[in-house]
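Peer 1: Starting off with a structure, shown below.
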Amino acid sequence: MARIRGLGTGVLLGLLALPLAAVFVATVPAAAAAEQAGGWRKEIADKAAAAQEAGKKGDFREAIRLLQEARARGALQPAEEQGVNELLIWAASSVKDHRLVIKTVDERIATGRVSGRDLVNKLRLKATSHYALSDFRGAIDALQRLATAQGSSTADDLILLGNSQFQVKDYRAAASTLDRAVTAAEKAGKPARTIGPLLEMLNKAYFELADEPKRLVTLHRLMAVAPKNNVFDQLVNAYQRDSKGDAVVMVNLYRLGAARGLLSADHYIHYAEAALDLSSPGEAVAMIEKGMSAGAIKRDDRNNRLLADAKGQVEKLKSSVAQQEREAMAMASGDAEARLATVYFTLRNFPKATEAARRGVDKGRVRRADDLHMLLGIALVETRKATEARNAFKAAGAANAQIRGVADLWTTVAT
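All the letters of the sequence shown, read from the start, carry residue numbers 543 to 957 under our numbering.
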């Protein structure tokens with residue numbers, strides 16, 4: 543399996559709504575009234591006021607210098623400590639001095655005078671600062687304290703926690719958190735560019751835990767949210783293993799890959815071979831030609847013969863389809879209609895394929911009801927009848943549990 547990394551610091555923090563400076567900046571008393579206002583000493587108030595002015599001008603380094611001078615004058619009174627340290631957190635956050643942010647936040651919390659929403663903001667800032675330093679264990683600790691402080695975790699908190707757990711290779715904890723994070727992110731209306739990477743990490747976590755059932759569910763979710771070639775390839779491998787290479791299951795998965803533009807490498811030839819096994823030479827021709835054009839199928843004698851043979855089968859079907867239709871309509875069972883539907887499907891006559899498939903469903907007694915329902919559903923997708931297509935895919939899944947996942951994926955295409 544391809545290596546999946548956690549989200550980089552800049553990428554993750556850019557995706558989240560977590561502010562790096564969501565802190566209250568204390569109002570500093572005017573120097574003239576400092577000794578009478580809230581216990582501020584004049585020299586401390588002057589330094590703090592000068593630091594605040596420097597920060598307003600964008601000179602945060604100067605602000606930090608002034609505030610550290612104020613702190614060096616000895617033990618601060620409670621009001622002084624709050625004002626100076628809040629300003630220091632603001633200035634340090636502004637220049638991304640994460641170590642100074644963490645140190646100052648810890649000092650503020652240690653006073654016991656930080657509570658409620660202020661404590662929540664401080665812990666969230668502490669967590670993001672630890673994460674920015676790649677101190678993932680520090681981030682985990684801060685986020686767990688944050689969850690306790692606010693009684694729950696937001697989608698952003700869960701995303702940061704799950705990614706941190708993933709980074710330290712605590713895959714069991716990461717899987718639990720990331721699953722909750724995805725659900726919370728979806729509920730919060732997060733975009734695919736946020737949810738997709740979370741699902742990729744969740745997939746990797748389940749891979750490391752050897753939890754194949756949950757990994758397959760996650761791959762399905764990924765295909766619906768952020769379909770990619772490597773995700774599709776993992777699905778192909780999973781279904782090839784679980785279905786033991788069942789041609790009906792695999793051809794419908796390859797059809798999905800083609801519809802999504804996700805076929806690559808040996809998918810083309812395997813799709814062609816599965817299509818030929820199911821008497822659909824038109825699909826085989828299309829895939830062999832596309833595979834050759836993409837450089838995925840060699841233009842050697844074997845493949846050239848395979849292509850020529852498939853083209854010959856297509857021509858025979860064209861010349862016999864009218865007779866086959868008359869015979870199918872005269873028969874009581876649905877199998878002949880199913881074969882006719884496949885002929886029209888491979889010739890890309892989707893309206894006629896739909897008609898034949900519907901007759902086959904109505905007549906019943908077909909060898910592979912799941913195959914017929916899938917073909918009907920895809921033909922309906924091609925003719926832009928989404929609601930009917932979804933019903934057909936649902937029926938396919940009900941007919942065969944092995945194809946249910948593929949049918950569900952096709953449902954996401956039928957929109």
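Here a beta-carbon is modelled for each residue, glycine too, at the ideal position from N, C-alpha and C. Keep in mind that this is a model prediction, so the values were computed, not measured.
Tell me the rounded alpha-carbon separation between N845 and K858.
Peer 2: Answer to the nearest angstrom: the Cα atoms are 20 Å apart.
Peer 1: For a cutoff of 8 Å on Cβ pairs, would you count A591 as touching chain B?
Peer 2: Absence of chain B from the displayed structure is noted, only one protein chain being present.
Peer 1: In its own chain, which residues sit with a C-beta less than 7 Å from the C-beta of P893, not counting the 5 before and 5 after it?
Peer 2: Counting only Cβ-Cβ distances below 7 Å, and skipping sequence neighbours, we find T925.
Peer 1: Taking DSSP as the reference, what is the three-state secondary structure of P733?
Peer 2: Coil, per DSSP.
Peer 1: Relative to the alpha-carbon of I737, which residue among N745, V724, A730 has its alpha-carbon at the smallest distance?
Peer 2: Nearest option by C-alpha distance: V724.
Peer 1: Let me check understanding here. Comparing Cα to Cα, which of M743, D784, K732 lies closest to P755?
Peer 2: Checking every option, the nearest Cα to that of P755 belongs to D784.
Peer 1: Could you pull the start and end residues of the alpha helix (DSSP H) that N779 belongs to?
Peer 2: 771-784 is the span of the alpha helix (DSSP H), which, as asked, contains N779.
Peer 1: Give me the Cβ distance between A633 and A593, rounded to the nearest whole Å; I'm assuming they're in contact under 8 Å.
Peer 2: The pair is a contact, with the Cβ atoms about 7 Å apart (cut-off 8 Å).
Peer 1: Relative to the C-alpha of D775, which candidate in R907, A800, A789 has its C-alpha closest?
Peer 2: Minimum Cα distance to D775 is reached at A800.
Peer 1: How close, in whole Å, do the beta carbons of V637 and S671 come, if the pair is a contact with beta carbons under 8 Å?
Peer 2: With 8 Å as the limit, V637 and S671 do not qualify as a contact, their Cβ atoms being about 12 Å apart.
Peer 1: Report the three-state DSSP secondary structure of L740 (helix, strand or coil).
Peer 2: L740 falls in the helix class under three-state DSSP.
Peer 1: Suppose only complete runs of 4+ residues qualify. What are the alpha helix (DSSP H) ranges in the segment 577-657, listed by chain order?
Peer 2: Qualifying alpha helix (DSSP H) stretches, in chain order: 584-598, 602-613, 620-636, 640-652.
Peer 1: What's the C-alpha gap between T884 and S822?
Peer 2: Near 6 Å, if we compare the C-alpha coordinates of S822 and T884.
Peer 1: Quick check on DSSP: helix, strand or coil for A940?
Peer 2: Here A940 sits in helix by DSSP.
Peer 1: In the structure shown, what three-state DSSP assignment does G854 receive?
Peer 2: Helix, per DSSP.
Peer 1: Mapping the DSSP letters down to three states, classify R910 as helix, strand or coil.
Peer 2: The answer is coil: DSSP assigns R910 none of H, G, I, E or B.
Peer 1: Kindly give me the distance between the Cβ atoms of L720 and G704, rounded to whole angstroms, as I take these residues to be in contact under 8 Å.
Peer 2: The pair is a contact, with the Cβ atoms about 4 Å apart (cut-off 8 Å).
Peer 1: Between A715 and A911, what straight-line distance do the alpha-carbon atoms span, to the nearest angstrom?
Peer 2: Each residue's Cα considered, the two are about 42 Å apart.
Peer 1: Taking the straight line between their C-alpha atoms, what separation do you get for R802 and D699?
Peer 2: Going from the Cα of R802 to the Cα of D699 covers about 33 Å.
Peer 1: May I ask you to check if the CB of Y796 is nearer than 7 Å to at least one heavy atom of the ligand NAP?
Peer 2: Of the ligands one can find in the structure shown there are none, so the ligand NAP has no counterpart to examine.
Peer 1: According to DSSP, is K746 helix, strand or coil?
Peer 2: Looking at K746 - three-state DSSP - the assignment turns out to be helix.
Peer 1: Please list, in chain order, all residues of the same chain as G833 whose beta carbon is under 7 Å from its beta carbon, the five residues on each side excluded.
Peer 2: Y810, I811, I839.
Peer 1: From this set, A826, G837, Y781, which residue's C-alpha is nearest S806's C-alpha?
Peer 2: Comparing Cα-Cα distances from S806 to each of A826, G837, Y781, the minimum goes to G837.
Peer 1: Determine the burial state of G906: buried for a count of at least 16 other Cβ atoms within 10 Å of its Cβ, exposed for fewer.
Peer 2: It counts as exposed.
Peer 1: Could you check what DSSP says for T991 in three-state terms: helix, strand or coil?
Peer 2: Nothing about residue 991 can be reported from this structure: the residues present for the chain run from 543 to 957 only.
Peer 1: Between the alpha carbons of Q692 and E628, how many angstroms are there, rounded?
Peer 2: Going from the Cα of Q692 to the Cα of E628 covers about 21 Å.
Peer 1: Hey, how far is the Cα of L918 from the Cα of K668?
Peer 2: For L918 and K668, the distance between alpha carbons rounds to 56 Å.
Peer 1: Measure the Cβ-Cβ separation of M873 and N794 and say whether it is below 8 Å.
Peer 2: No, Cβ-Cβ distance for M873 and N794 is not below 8 Å.
Peer 1: How long is the line joining the alpha carbons of T953 and V791, rounded to whole angstroms?
Peer 2: Rounded to whole angstroms, T953 to V791 spans 15 Å at the Cα level.
Peer 1: Give a yes or no on whether the C-beta atoms belonging to A789 and A747 are separated by under 8 Å.
Peer 2: Taking 8 Å as the Cβ cut-off, A789 and A747 do not qualify as a contacting pair.
Peer 1: Just to confirm my understanding: we take E930, look at its own chain, exclude 5 residues before and 5 after, and list those with CB closer than 7 Å. What are they?
Peer 2: L922, listed in sequence order.
Peer 1: Between the alpha carbons of Y673 and S635, how many angstroms are there, rounded?
Peer 2: The alpha-carbon atoms of Y673 and S635 are separated by roughly 14 Å.
Peer 1: Nearest-angstrom Cα distance between D588 and A596?
Peer 2: Taking the straight line joining both Cα atoms gives about 12 Å.
Peer 1: Starting from R901 and walking both ways along the alpha helix (DSSP H), at which residues does that stretch end?
Peer 2: That run of the alpha helix (DSSP H) goes 892-905.
Peer 1: For the alpha helix (DSSP H) holding A878, just list the boundary residues, first then last.
Peer 2: 877-888 is the span of the alpha helix (DSSP H), which, as asked, contains A878.
Peer 1: Does the Cβ-Cβ distance between R641 and L688 come in under 8 Å?
Peer 2: No, these two residues do not count as a Cβ contact at 8 Å.
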